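Student: I am attaching a structure below and will ask some questions about it afterwards.
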Amino acid sequence: MSASGSELGWLTTDDGWEIVQTVVNGTLFYSYSVCNIDSPEQDNWLRTTFIQRRPGISRVSVELRFVVRDCNTFDGASVACKETFNLYISEADADVGTNFRKGQFRKVATIASDEVTHGRVLKVNAETRTVEPLSRRGFYLAFQDMGACVALLSARVYYKTCPSTVQSLAEFPETVADALKEVEGVCVENAISPATPRNYCSADGEWVVPVGQCQCLAGYESTGDSCQACKPGYFKPSIQSKFCQVCPDNTKPSEAGATECQCEEGFYRSPSDPPTSPCSAPPSAPRDLSSSALSAEGRLQLSWSPPLVTGGRSDLTYSVVCEHCNGGQCVPCGDKIRFEPGPAGLQDTLVVVTDLDAHLNYTFTVEAHSGVSQFSTEKAAASLTTVTFIHLDDRSATSLALSWTLSRRPPAHINHRYELMYRRKDDDGERDVTTYTVLILEKNSVQIADLTPDTTYIVRVQVLGSEVNPGSHSVEHEFQTSPLGTNMIFYIYCIYIYTLNVRSVRKDSHVFGPTLDQLKPLKTYVDPHMYEDPNIAIQKFVTEIDPSAISKQKVIGVGEFGEVFRGVMKARGRAEVDVAIKTLKPGYSEKQRLDFLSEASIMGQFSHPNIIRLEGVVTKFKHIMIVTEYMDNGALDTYLKIPPYQLVGMLRGIAAGMQYLSDMSYVHRDLAARNILVNSNLECKVSDFGLSRVLEDDDEGTYTTRGGKIPIRWTAPEAIAYRKFTSASDVWSFGIVMWEVMAFGERPYWDMSNHEVMKTINEAFRLPAPMDCPSAIYQLMLQCWQHDRSKRPRFLDIVNFLDKLLRSPESLKTIADFDPRVSIRLPSTSGCDGTVFRTVPEWLESIRMSQYSESFARAGITSMEQVLSLRHEDIRNIGVRLPGHLKRIAYSILGLKDETSSLSVFAV
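Numbering (numbering that gives the first Met the number 0), first residue to last: 0 to 907.
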């Protein structure tokens, strides 16, 4: 009846049950009541209207809330007075209207009270009974009174279901709860299972014992209760893989839902490589191939270095090919030549060749192989190509013209380069290697100039090239320049130039993830109440201060447990600092002491520039104290008189502090402007971490549940309804703090009652934009007030957004739409009899601005007619300087003008 606003049309017998209004714990309830205790043999019936039964429902639960009066409280009460009543049910296929026959009802239970009411304080009982089996289209409930004094406050008829759910990627439909029932499920989209998944719905409406599991298809991964396609650049090769993986190295970026990543041009996978392996390139040629004769005749050792490019593989092997070369023509060496340990499948970079003929020229080629070599059209080979002979083509007194031949003719696509080294032969035969001149040449001939006449030079040549490795140097050859005439003397200064050809290989490197200086240990808030002895938490997280270091100066406020002082602290080795000192009033209990110190146990775990800093506690002294840093400007809600840009900066500090708390897994639960403190640098710091606080209902607006009191005006809907306090509910509260700041300390929801606030929020009403509020800030408020908490921004997102606004101040110039008639709920501008306020003090008291009564009187404003003529400058000149108070008084005058229609425009 409370919801419908009218009676329910239940059928009653004469002189029996009747509708009455009852006050229970300060709340008005409608009820069906009966109290015929003076007459014996009572038989009073109350029947409900017809209740439809949904198909498939065979049992329902009936929850009754009622009050029963103690029979002993009635003077001279009849011995027939009872303290119970009976519950009946009658099934039917159609509504029988007012046709009521007792014989059609069967008894369900006798309802007895756990607590009976003795005096004025009513004891409300709650009893639930299960009714089964049900088979017809509907039913009636009936309540039989046989002489009790009872008030039926509510009757709730319901059935239980196991809600639709997704478990192990299998969907199970909503199922009516009965006896334990097996239910078949269906795999979610893009998931399969070898067997049909099953689950069991219990009579209590809970899913138990899931059987079977679905798995996401290849190219899809489990994300919560669904299978999502792998993002571009990711892949999942099989059902057995759990998550999508980043495409491996040397692959093309994949599309969404990829089962593999294709190799880039020039990169391959071997047939034995799994799709999760990176693609690799064939190896380049071995390097630094060289030979050295062994002591035994006909034996040669070949050695080389691994390829510069291995292709990213570790399965490298080598093979060696021997050829006879003569005049540029080469033929295979045949079976006579032996290799130790063998000519192919070599893993070491060394091989010994035996049975060589000392009179033949040999060319050896070493090839590198890997699992993807078969995909390459070119061999990764290094040939030991050597210079077999150096020819003197021409000479003069200062130059030599030389050319040379190779052990084998190079392929047409290979361009050899050569390193020629020469030096003057010393008369004493000593070899000074530092005097060599080195030339890098592109062809197999050279003209060496600027030489000394009639001088012998030693020359040797080595083959270079990008496709082949250097061969051994040729044997040294001696050549002599021509002599000069006897009358000519030249002084030739030789400049020895060493040309060094360096090939640099640059690899782009990418570092993923945080650097070492970014890696910080994860720190999480620890609830002090997790300790069996709360004193341990105090010792663990809080510093004990010597009471002699603390000096109180003056009282600056009153806290929950006692007075708050401004004072100074002089610790050893530190300068004297201002502090705030919270005290515990005398006569405290042990519980009050632990509750008082629990806030210090919480604060002691935090270290952030936007969180109030705990200096320590004094516990080993009769006067227990909590000492924090002193905030010169007090609470934020009383210090709001700065430009919008600076206000946004202060909001950013609050958000940063809350982000820190959220990262610490701490939920504040009471974020409001009154709990934000401001220091002399206008830095905002989050404070008030008391777990048990007594809030004044009228002042702060709290809603009491079994878990404590809730500040309604700052609290998210889910926290009010279900006590679901999370970082998301703190984000809702931060939105209210933003509104307080931009409204210059205005009270959220103005003079609405707590009940009105809850009702309007549930009806999707949100606080309107304050006057002169930047549009971007108001849009952020609305995001914080999303009813679905999962859609609210995180504090990290809020900090980033405010940083972006602060970097672009021009973004704050766009102002949100403002309508004063919507933006403030003005108090009534007239008395209860409809007349306009008669005096200025009466009007100021109605808008909670009575502190300015004397200011108005001193300014000569003594009538409401004078009030209506005030302008914004006049109000300021009277002495009203706080922006929030200016707005409240100005808005109220505007409302008065609207009601009296004396003026149509009021400029603020």
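Beta carbons: idealized from backbone N, C-alpha and C, even for Gly.
From a predicted model like this one, the values you see are computed outputs, not experimental measurements.
Would you decide whether N71 is buried or exposed? Buried here means 16 or more other CB atoms lie within 10 Å of its CB.
Tutor: exposed
Student: Considering only the alpha carbon of each residue, which of P710, H754, S845 and V730 lies closest to R788?
Tutor: V730
Student: Pair every Cβ in the segment 734-745 with every Cβ in the segment 754-771, then say whether three or more of these pairs are closer than 8 Å.
Tutor: With a cut-off of 8 Å, the segment 754-771 and the segment 734-745 count as touching, because enough Cβ pairs lie within range.
Student: Evaluate contact between the segment 308-321 and the segment 343-352, counting only Cβ atoms and requiring at least three cross-stretch pairs below 8 Å.
Tutor: Three or more pairs of CB atoms, one per stretch, sit closer than 8 Å, so the segment 308-321 contacts the segment 343-352.
Student: Can you tell which of Q261, A147 and R673 has the C-alpha that lies nearest to the C-alpha of R746?
Tutor: R673
Student: Determine the closest residue to V666 out of D631, V22, A727 and R712, with distance taken between C-alpha atoms.
Tutor: A727
Student: Could you give the DSSP three-state label for K101: helix, strand or coil?
Tutor: helix
Student: Check each candidate in Y361, G311 and G648 and name the one with the smallest Cα separation from V320.
Tutor: Y361
Student: Count the other CB atoms, across all protein chains shown, that sit within 10 Å of the CB of F620; report buried if there are 16 or more and exposed otherwise.
Tutor: exposed
Student: Measure from the C-beta of D13 to each C-beta in chain B and report whether the shortest distance is under 8 Å.
Tutor: The chain inventory of the structure shown lacks chain B, comprising one protein chain alone.
Student: By the three-class DSSP mapping on this structure, what secondary structure does W749 have?
Tutor: W749 falls in the coil class under three-state DSSP.
Student: Within 10 angstroms of the Cβ of F388, are there 16 or more other Cβ atoms? Answer buried if so, exposed if not.
Tutor: exposed
Student: Leaving out five residues before and five after R668 in sequence, what residues of the same chain have Cβ atoms less than 7 Å from its Cβ?
Tutor: F724
Student: Since C229 contacts G256 with CB under 8 Å, what's their CB separation in whole angstroms?
Tutor: Contact between C229 and G256 holds: CB atoms are separated by about 6 Å, below the 8 Å threshold.
Student: My understanding is that A654 touches L801, with C-beta atoms under 8 Å, so please give their C-beta distance in whole angstroms.
Tutor: 6 Å
Student: Is it the case that the segment 22-39 contacts the segment 103-116, given that we only count it when at least three CB pairs across the two stretches are under 8 Å?
Tutor: Too few Cβ pairs lie closer than 8 Å, so no.
Student: Mind reading off the beta-carbon distance from N632 to K684? Whole number of angstroms is fine, and I expect it under 8 Å.
Tutor: That pair is no contact at about 11 Å.
Student: How many angstroms separate the CA atom of I18 from the CA atom of A108?
Tutor: 23 Å
Student: Can you tell me which residues form a DSSP beta bridge with G566?
Tutor: When DSSP reads this structure, G566 sits in a beta bridge with K551 and V578.
Student: So A217 and S201 are in contact, right, with Cβ under 8 Å, and what is the actual spacing, rounded?
Tutor: Not confirmed; about 36 Å, so no contact.
Student: Beta strand (DSSP E) containing V445: first to last residue?
Tutor: S444 to I447
Student: In three-state DSSP terms, what is C783?
Tutor: helix
Student: To test your reading of the DSSP string, which unbroken beta strand (DSSP E) runs of 3 or more residues are found completely within the segment 600-631?
Tutor: 613-617 and 624-628
Student: Quick one: grab the DSSP three-state call for S302.
Tutor: Strand at S302.
Student: Near P274, what residues of its chain come up, given a Cβ to Cβ distance below 6 Å and the 5 sequence neighbours on each side ignored?
Tutor: P236 and E259
Student: With 16 as the cutoff for other CB atoms within 10 Å, does R100 come out buried or exposed?
Tutor: exposed
Student: Using 8 Å as the threshold, is the C-beta distance between L7 and M0 below it?
Tutor: yes
Student: Just curious, the alpha helix (DSSP H) that K803 is in, first and last residue?
Tutor: Residues F794 to R806.
Student: Closest to V66 by CA distance: which of S221, T97 and C34 is it?
Tutor: C34
Student: For T480, count neighbouring C-beta atoms within 10 Å of its own C-beta (all shown protein chains included) and say buried if the count is 16 or more, exposed if not.
Tutor: buried
Student: Starting from the Cα of K569, find the closest Cα among N534, V626, P252 and W842 and give me that residue.
Tutor: V626
Student: Shortest alpha-carbon distance to Y158 belongs to which of Q143, E131 and S852?
Tutor: The residue with the shortest Cα to Cα distance from Y158 is E131.
Student: The beta strand (DSSP E) spanning W206 covers which residue range?
Tutor: W206 to V210
Student: Counting C-beta neighbours from all protein chains within 10 Å, is the total for F605 16 or more, i.e. buried, or is it exposed?
Tutor: Taking a 10 Å sphere around the C-beta of F605, we find 16 or more other C-beta atoms and assign the residue as buried.
Student: Compute the Euclidean distance between the alpha carbons of D69 and F104, then round it to the nearest angstrom.
Tutor: 28 Å
Student: Among P231, S240 and L650, which one has its Cα closest to the Cα of V736?
Tutor: L650
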